[in-house]
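Asker: Each protein sequence line maps, in turn, to chains F and H.
The first sequence begins at 109 in the working numbering and counts up one residue at a time.
The second sequence begins at 33 in the working numbering and counts up one residue at a time.
All C-beta atoms, glycine included, are put in the ideal place defined by N, C-alpha and C.
Following this message is one structure expressed as structure tokens.
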Amino acid sequence: DGGITQSPKYLFRKEGQNVTLSCEQNLNHDAMYWYRQDPGQGLRLIYYSQIVNDFQKGDIAEGYSVSREKKESFPLTVTSAQKNPTAFYLCASSSERQSNYGYTFGSGTRLTVV
Amino acid sequence: AQKITQTQPGMFVQEKEAVTLDCTYDTSDQSYGLFWYKQPSSGEMIFLIYQGSYDEQNATEGRYSLNFQKARKSANLVISASQLGDSAMYFCAMREGRGSNYQLIWGAGTKLIIKP
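Here you go:
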């Protein structure tokens, strides 16, 4: 079945470490997105990519980095510059051909700083 | 100014009652789309229903319907005969315009709790 796979489901980071969250899709979607969600809050856009080898900053990009070397993959790195990274991270993808369906989401990664 | 407004941070509803979750939007585009998503406590985002700005009929999907009032710029979600499994966060979102690879604009969400 087509979908988006995020891994790991739970991730623990020590202070000062960089960590990378994986996001892979087999939907042949062109666009991919990373969101951050704090408890009880809405979605805030970190980065998005509309085509391979191109990406744009969202509203809260500071302390994060991404790459889009393949259409299927959009990994997010949480760097040591992100001072408060504990949150729930959601990856999504979309296709203009299926715009009536909005985004397809992964199941998320819960990141905790220890 | 916020483009998507969900005025109800939280709601308690008795099981089997109907629920209306409010969403108002702001856009100057003629072509746009409105979405509702459900987020259970497990965290995944589940697509519920879509309404296009040119659709003349209100969208329906099973127990979900979208009460689309274009002149008022509102797109309320109606859940009929609520169930305990409907307890979740609900997000309204809008897609503006058309073209390659749009972005969705999100509301802050409403936390719905169904009481047995």
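Flag Glu88 of chain H as yes if its beta-carbon sits less than 8 Å from any beta-carbon of chain F, otherwise no.
Answerer: Reading the second sequence from its first residue, position 56 is the one you call residue 88 of chain H. No, Glu88 of chain H does not count as interfacial toward chain F.
Asker: Is it buried or exposed for Ala189 of chain F, if we count other Cβ within 10 angstroms and need 16 for buried?
Answerer: Position 81 of the first sequence, counted from the first residue, corresponds to residue 189 of chain F. It is exposed - the Cβ of Ala189 of chain F has fewer than 16 other Cβ atoms within 10 Å.
Asker: Tell me which residues share the same chain as Asn126 of chain F and place their Cβ nearer than 8 Å to its Cβ, disregarding the 5 neighbours each side in the sequence.
Answerer: On the first sequence, residue 126 of chain F is found 18 positions in, with the first residue counted as 1. Taken in chain order, the residues that qualify are Thr185, Val186, Thr187, Ser188.
Asker: Give me the Cα-Cα distance between Tyr134 of chain H and Thr56 of chain H, rounded to the nearest whole angstrom.
Answerer: Looking up residue 134 of chain H in the second sequence gives position 102. Looking up residue 56 of chain H in the second sequence gives position 24. Cα to Cα, Tyr134 of chain H sits roughly 20 Å from Thr56 of chain H.
Asker: Is the shortest distance between the beta-carbon of Leu151 of chain F and the beta-carbons of chain H less than 8 Å?
Answerer: Here residue 151 of chain F refers to the residue found at position 43 of the first sequence. Yes, contact with chain H.
Asker: Am I right that Ala120 of chain H and Pro72 of chain H are in contact with their C-beta atoms under 8 Å? What's the rounded C-beta distance?
Answerer: Numbered from 1 along the second sequence, position 88 holds the residue referred to as residue 120 of chain H. Numbered from 1 along the second sequence, position 40 holds the residue referred to as residue 72 of chain H. Sure, about 5 Å apart at Cβ, within 8 Å.
Asker: Is the shortest distance between the beta-carbon of Gly210 of chain F and the beta-carbons of chain H less than 8 Å?
Answerer: Locating residue 210 of chain F in the first sequence gives position 102, where the first residue counts as 1. Yes - at least one Cβ of chain H is within 8 Å of the one on Gly210 of chain F.
Asker: Would you be able to state if there are at least three C-beta pairs under 8 Å between the region 165-179 of chain F and the region 92-100 of chain H?
Answerer: Flag = no, the region 92-100 of chain H and the region 165-179 of chain F do not touch.
Asker: Locate the beta strand (DSSP E) running through Cys199 of chain F, then write down its first and last residues.
Answerer: Taking the first residue of the first sequence as 1, we reach residue 199 of chain F at position 91. Per DSSP, Cys199 of chain F belongs to the beta strand (DSSP E) from 195-202.
Asker: Could you check what DSSP says for Ser130 of chain F in three-state terms: helix, strand or coil?
Answerer: As a working note, residue 130 of chain F is residue 22 in the first sequence. The answer is strand: DSSP assigns Ser130 of chain F an E or B state.
Asker: Starting from the Cα of Trp147 of chain F, find the closest Cα among H:Ser85, H:Ile146, H:Thr142, H:Lys147 and give me that residue.
Answerer: Sequence index remark: in the first sequence, residue 147 of chain F carries index 39 (1-based). For the record, residue 147 of chain F in the displayed sequence is Pro; it is not Trp. The candidate whose alpha carbon is nearest that of Pro147 of chain F is H:Thr142.
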